[in-house]
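These notes concern the structure reproduced below.
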Amino acid sequence: YHIAQIFVMNFDWPGNNNKLFKSKANMGKWRHVMYDTDFGFERWTDGVLTFVGGYQDYNMLNHTYSDVITFNNPIWSTEVFTSFLSNQIFRTKFINTYCDRINTTYSAENTLYVMDSLKTIIEPYIFDHINRYGPSIYDSYTPNNMNEYNNAIQLMENFAQYRPENAMNEMAESFNLNGSRATISIFSNDLDMGHVALNTLKIDRQGWTGEYFTEIPLKIKAVSNFGYEFSHWEGISSPVDSASILLNSNISVTAHFNAIGNPFQNLIVINEINYNSSNDFDSGDWVELVNNSIYPADLTGWKFLDEDDSHIYSLPDSLVIQAGDYLVLCQDTSSFSTVFPTVNNYVGELGYGFSGGGELLRLMDSTDALVDYVEYDDSNPWPLNADGNGFSLELTNYELDNTIATSWAASLVPNGTPGVTNSTYSVLKSESNALVPNVYALHQNYPNPFNPATTIKYDIPKDTHILINIFDLKGRLIKTLIDEYQISGFKTIKWDATNKNGQQIAAGMYIYRIKAGNYSETKKMVLLK
Numbered sequence: 013y014h015i016a017q018i019f020v021m022n023f024d025w026p027g028n029n030n031k032l033f034k035s036k037a038n039m040g041k042w043r044h045v046m047y048d049t050d051f052g053f054e055r056w057t058d059g060v061l062t063f064v065g066g067y068q069d070y071n072m073l074n075h076t077y078s079d080v081i082t083f084n085n086p087i088w089s090t091e092v093f094t095s096f097l098s099n100q101i102f103r104t105k106f107i108n109t110y111c112d113r114i115n116t117t118y119s120a121e122n123t124l125y126v127m128d129s130l131k132t133i134i135e136p137y138i139f140d141h142i143n144r145y146g147p148s149i150y151d152s153y154t155p156n157n158m159n160e161y162n163n164a165i166q167l168m169e170n171f172a173q174y175r176p177e178n179a180m181n182e183m184a185e186s187f188n189l190n191g192s193r194a195t196i197s198i199f200s201n202d203l204d205m206g207h208v209a210l211n212t213l214k215i216d217r218q219g220w221t222g223e224y225f226t227e228i229p230l231k232i233k234a235v236s237n238f239g240y241e242f243s244h245w246e247g248i249s250s251p252v253d254s255a256s257i258l259l260n261s262n263i264s265v266t267a268h269f270n271a272i273g274n275p276f277q278n279l280i281v282i283n284e285i286n287y288n289s290s291n292d293f294d295s296g297d298w299v300e301l302v303n304n305s306i307y308p309a310d311l312t313g314w315k316f317l318d319e320d321d322s323h324i325y326s327l328p329d330s331l332v333i334q335a336g337d338y339l340v341l342c343q344d345t346s347s348f349s350t351v352f353p354t355v356n357n358y359v360g361e362l363g364y365g366f367s368g369g370g371e372l373l374r375l376m377d378s379t380d381a382l383v384d385y386v387e388y389d390d391s392n393p394w395p396l397n398a399d400g401n402g403f404s405l406e407l408t409n410y411e412l413d414n415t416i417a418t419s420w421a422a423s424l425v426p427n428g429t430p431g432v433t434n435s436t437y438s439v440l441k442s443e444s445n446a447l448v449p450n451v452y453a454l455h456q457n458y459p460n461p462f463n464p465a466t467t468i469k470y471d472i473p474k475d476t477h478i479l480i481n482i483f484d485l486k487g488r489l490i491k492t493l494i495d496e497y498q499i500s501g502f503k504t505i506k507w508d509a510t511n512k513n514g515q516q517i518a519a520g521m522y523i524y525r526i527k528a529g530n531y532s533e534t535k536k537m538v539l540l541k
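Here the sequence shown stands for residues 13 to 541, numbered as in our numbering.
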């Protein structure tokens, strides 16, 4: 916000046209409102000359960053920004971010391109506009003819061309820099493998070049795409993927990446095992996989085996597990669908069952590389209730080592939770005791179908406002479960099948939806009589 106001040289700010707003939610942050910037881009030349002597000769950064009254700016309007800039870390970040913008968004090339595109759209209507609104004795800036219109456009185009260099000089003057600058050119050995992040910029084209101050350290990072890893730098000396560098001279930097074996190694996880059903609800043996990554996984050519190498189940071609989704592999799809009629994300027939006395289960990719394996048992320390007592064996968190018995528990729900989040799913904590979801996720409720209550789990990777609503199939709001600002973490909410008035609702299918910033997801659930 400050960079934009300073760059366009909006003189009628911050002493005027300075508004902020804040969400009423807990921990809501103050944010600026950008409006009324028509003093910018050398549009009000006559009005400004009296006060500052012209756009090209005025240091707009000093106009905004000062502990004395400048122009028409009282101290209250500049003291917050001034105090921030007294912090060296903030000042460095401000300078680099401003340079990032000058090298991209505010470059003369980009600005003139945007202006030309808008001019092409607007120009056919200018003559009619002049006939309707001009001339005006109250507004000398409404063009009275096409000549005046073209002159105004020329002023703005001139501003776009000289302003980037002037802005750099203003920073050198205001922050007592020596003014020395150098360029950095950035490459990747293959943009399909990864790109380079520079300060606030994602550099996703070869040979991008930007100019920066030699006194200010830059932050550079090699960002690998899924399935690839950082190898080394060319042009700078750093053994790791990120570095802080000073430009002593013009340099060229290339990030090198390599392909890794199977990118889904340990990310397609054996997550739930039903190896000994109860006699009353015999669904056959089955195992559930979960895609614990943020990318869809194509399982074409993959195989599932038990400890007998001749027991091979080849997964169907073009079978894809979406990020965060589940897939159930069934010994007997008929028995499975009878016990779980609402579950449809399953495949089979395996052609073999699992041992009730413990067994090795293996998942192999199309190159026969081992992706995941579990060797369960029906004796301590493995959960005993999963052995014929009507419960499945559930991994309590996808991040845990599933080769260890303590990572597993007997399901809390009879017959298990195939195709949805495990009933025993619990959060993990980092060393700092902070919850650690990586991405937004809305999990399938459990139990489902349900009566009289069900549990909904959702993951939020950063602090934000959360809205969870229940709707009927006609889109009518039944109840709002959550409407509040929440900190990041793995979350759980229970719904007792009541509406917003606390009344029990009729049996049927309902939709629940989460909204968190730009993220939105819906799922269905069934309430039984």
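Ideal placement from N, C-alpha and C gives every residue a C-beta, glycine not left out.
- Counting only the Cα atoms, Asp377 lies some 23 Å from Tyr287.
- Leu454 has its alpha-carbon roughly 7 Å from the corresponding atom of Asp471.
- Scanning its chain for C-beta atoms nearer than 7 Å, with the 5 sequence neighbours on each side dropped, one finds around Ser500 the residues Leu447, Pro449, Ile472, Pro473, Lys474, Asp475, in chain order.
- Counting only runs of 3+ residues, the beta strand (DSSP E) found wholly inside the segment 225-268 occupies 230-236, 240-246, 254-257, in chain order.
- Boundaries of the beta strand (DSSP E) harbouring Met376: 371-376, taken from the DSSP string.
- For Ile272, the CB contacts under 6 Å within the same chain, skipping 5 residues up- and downstream, are Glu241 in chain order.
- The alpha-carbon of Ile133 is positioned some 29 Å away from that of Ala179.
- For His75, there is no enclosing beta strand (DSSP E); the enclosing alpha helix (DSSP H) covers residues 72-76.
- DSSP places Phe483 inside the beta strand (DSSP E), whose first and last residues are 476-483.
- Fewer than three pairs of CB atoms, one per stretch, sit closer than 8 Å, so the segment 519-531 makes no contact with the segment 74-85.
- Cβ contact annotation for Asp318 (same chain, cutoff 7 Å, sequence separation greater than five): Tyr364, Phe366, Glu371, Leu372, Leu373, in chain order.
- For the pair Glu387 and Ala234, the Cα-to-Cα distance works out to about 38 Å.
- In the structure shown, Trp25 adopts coil according to DSSP, grouped into three states.
- Linking Leu258 to Val538 through their CA atoms gives a straight-line distance of about 60 Å.
- Inclusion of Pro430 and Val340 in the CB contact set at 8 Å is warranted, their separation being smaller than that value.
- A direct Cα-Cα distance of roughly 12 Å separates Arg55 from Asn162.
- Looking from the CA of Tyr385, the closest CA among Asp399, Asn414, Asn108, Ile333 belongs to Asn414.
- In this structure, the beta-carbon distance from Asn434 to Leu407 falls below 8 Å.
- Here Leu540 is near Pro461, since their CB atoms are less than 8 Å apart.
- Spanning the alpha carbons of Glu177 and Ile196 requires a straight line of approximately 17 Å.
- In the structure shown, the three-state DSSP call for His207 is strand.
- Our two residues, Trp420 and Gly400, have alpha carbons roughly 16 Å apart in a direct line.
- Boundaries around Ala528 are those of the beta strand (DSSP E), 520-528, since no alpha helix (DSSP H) includes it.
- By the Cβ neighbour-count rule, His14 is buried, with 16 or more other Cβ atoms within 10 Å of its own.
- Of the residues Ile263, Val299, Phe269, the one whose Cα lies closest to the Cα of Ile280 is Val299.
- In the structure shown, Glu319 falls within a coil segment according to DSSP collapsed to helix, strand and coil.
- Closest by C-alpha distance to Asp484, out of Tyr497, Lys469, Pro459, Lys512, is Lys512.
- Annotated three-state conformation of Tyr385 is strand, per DSSP.
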